[in-house]
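The structure appears below as structure tokens.
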Amino acid sequence: MLGTTRLPSGLSQSPTPSSCGAQLLRSVSNVGSLSKMLERGQQLPEAYRWSSSETAAAEDDPAELEDEVVVPVIDLAELDRSDERRKEICEEMRSACREWGAFQVVNHGVPDQVVERARRTSLDLFALPESDKLRAERPPGTLFGYGATRMASFFNRLMWSEAFTMMGSPHNNFEAYARKLCVHSEQDFCKSFEEYDKAMRGLALLITDLILHGLEASEERIHQHIRNFWGMIHMNFYPPCPSPSEAMGLASHTDSSCLTIMHQGSVGGLQVKRGDKWIAIKPVPGAFVIQVGDMLQLMSNNVFHSALHRALVNERFERLSLVYFFTPPPTVSICPIHPSKPLYRCLTWNEYLQVKAKLFMGALDHFLLPE
Ligand SMILES: O=C(O)CCC(=O)C(=O)O
Ligand SMILES: [Fe+2]
């Protein structure tokens, strides 16, 4: 719960209680209902149609498949076997963060049931009647609640997705949202996200720690830095799309977080940009996708780069991506870690979000120091 914690403007959204069952006098057409109304192959409404050059993927071109490149999959099973093995894993992460800004992890220790429960609860949430979901609608300019993706305002086409965001630890607002959404059992709802949040926080601390070791930052410095970071639980739902080649699930962007941990389930769609090509991050059973966010790019002084990525949709399957954003606390100063020559000035995450809301992809450059 938010309790008495004071949040800065961009982050302050404490849901107010609403009465369950009350009718909303607004009708909003969302992709969930559109997906049910349209026949397979039927053209999408104009507002949802993207040009083929925008939605084309490397896999559309058979020539690209011959020397298929794959985002690294890093096995954490032997992390504690020896110092040497730990160093090797740090090195694998360092090189993935430099080359790709992304990798997958397997044998991470997060129990399958925890993931499955959170995925089930998320799917139940998206399956609620639209009027229920709109009770938790994200107010404009804020981070938390239900609606279209926050970056929608930067594009002149609509995306084929719905999203829902809640604050994770240390100030989670699960209970307030369970009440707002009128979910069947508030207790089950909160429990499944509390478990997931706890597991994700543990994994985020571990992976950020390993990545920062690759920067040769001191143990104490790393710990000081990330121990107080915050978590956000974010879900994207992509219903089956009757005409996927002209739709965009989530347009190309980088995450504002320090680190992003994503569970995409068995239905793929996520792509990361490498050079001028979009490369699919194919689902690996049980894996989490890890992505470098803008804050880690800044902290690493451009040694790592935040991954440019997007999500495409498909005709047959619904898709849920369950995302955990690991972020600096909003008002704490974040700087490049121990560089001889810092490229960026220090900033707070709150300050960064305000600039990103105006400049979107140009936001990090805004904080570059003059040469
Ligand atoms: O659903 C996906 O594959 C991507 C999600 C994502 O990039 C995001 O939520 O920031
Ligand atoms: Fe993202």
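Using full-length UniProt numbering, the first residue of the sequence shown is number 1, and each one after it goes up by one. Where a beta carbon is used, it is the ideal one built from N, C-alpha and C, also for glycine.
Environment of residue i [buried if 16+ CB atoms lie within 10 Å]
i, result
"THR254", "buried"
"LEU359", "exposed"
"LYS356", "buried"
"LEU259", "buried"
"residue 434", "Because the chain here runs from 1 to 371, residue 434 falls outside it and cannot be looked at."
"ARG6", "Model confidence at ARG6 stands at a pLDDT of 42, short of 50, so the residue's coordinates are unreliable; what they give is reported in the following sentence. The residue is exposed, with fewer than 16 neighbouring Cβ atoms inside 10 Å."
"ASP365", "exposed"
"HIS108", "buried"
"ASN30", "buried"
"ASN173", "buried"
"GLN104", "buried"
"GLN264", "buried"
"MET262", "buried"
"MET159", "buried"
"GLY32", "buried"
"ASN156", "exposed"
Enclosing beta strand (DSSP E) for residue i [first to last residue]
i, result
"SER256", "That residue, SER256, is in no beta strand (DSSP E); it is neither H nor E in DSSP."
"GLU318", "First-last for GLU318: undefined, no H or E at that position."
"LYS198", "Counting along the chain, LYS198 falls outside any beta strand (DSSP E), though it belongs to the alpha helix (DSSP H) covering 186 to 213."
"TRP230", "230 to 238"
"GLY311", "Just to set this straight, residue 311 is Ala in the shown sequence, not Gly. First-last of the beta strand (DSSP E) with ALA311: 309 to 311."
"PHE174", "It is not in any beta strand (DSSP E) - PHE174 instead sits in the alpha helix (DSSP H) that spans 174 to 181."
"PHE164", "162 to 167"
"TYR352", "Looking at the DSSP string, TYR352 is not in any beta strand (DSSP E); the run it does join, the alpha helix (DSSP H), is 349 to 359."
Beta-ladder partner(s) of residue i, from DSSP
i, result
"ALA102", "GLN291"
"PRO304", "For the sequence presented, residue 304 should be read as Phe rather than Pro. PHE304 is not bridged to any residue."
"LYS277", "ARG274"
"GLY147", "ALA163"
"PHE325", "MET232 and THR260"
Rounded Cβ spacing between residue i and residue j (contact assumed at less than 8 Å)
i, j, result
"TRP100", "VAL73", "That pair is no contact at about 11 Å."
"GLU54", "MET248", "7 Å"
"GLU315", "PRO239", "About 11 Å; that fails the 8 Å criterion."
"ARG86", "GLY214", "Rounded, the Cβ-Cβ distance is 11 Å, inconsistent with contact."
"ALA148", "ALA307", "Not a contact, Cβ separation roughly 22 Å."
Bounding residues of the alpha helix (DSSP H) (the contiguous stretch that carries residue i)
i, result
"LEU270", "That residue, LEU270, is in no alpha helix (DSSP H); its beta strand (DSSP E) goes 270 to 274."
"VAL115", "112 to 126"
Checklist entry - If we count Cβ pairs, one from each stretch, closer than 8 Å, do we get three or more for the region 325 to 341 versus the region 224 to 232? => result A contact exists between the region 325 to 341 and the region 224 to 232.
Next on the checklist: For the region 165 to 184 against the region 288 to 299, do three or more pairs of beta-carbon atoms, one drawn from each stretch, fall closer than 8 Å, so that the two count as touching?
Outcome noted: Taking 8 Å as the limit for Cβ pairs, the verdict is that the region 288 to 299 does not touch the region 165 to 184.
Next on the checklist: Taking contact to mean 3 or more Cβ pairs, one atom from each stretch, closer than 8 Å, check whether the region 293 to 313 and the region 339 to 346 are in contact.
Outcome noted: Enough Cβ pairs lie closer than 8 Å, so yes.
Next on the checklist: Quick check: the region 268 to 282 against the region 198 to 212, are at least 3 beta-carbon pairs closer than 8 Å?
Outcome noted: No contact exists between the region 198 to 212 and the region 268 to 282.
Next on the checklist: Whether or not the region 134 to 141 and the region 178 to 190 are in contact is what I'm after, with contact meaning three or more pairs of Cβ atoms, one per stretch, closer than 8 Å; do they touch?
Outcome noted: When Cβ pairs closer than 8 Å are counted between the two stretches, the region 178 to 190 is seen to touch the region 134 to 141, the count reaching three or more.
Checklist entry - Contact between the region 188 to 201 and the region 111 to 122: three or more CB pairs below 8 Å? => result Touching, yes, given that three or more Cβ pairs across the two stretches are closer than 8 Å.
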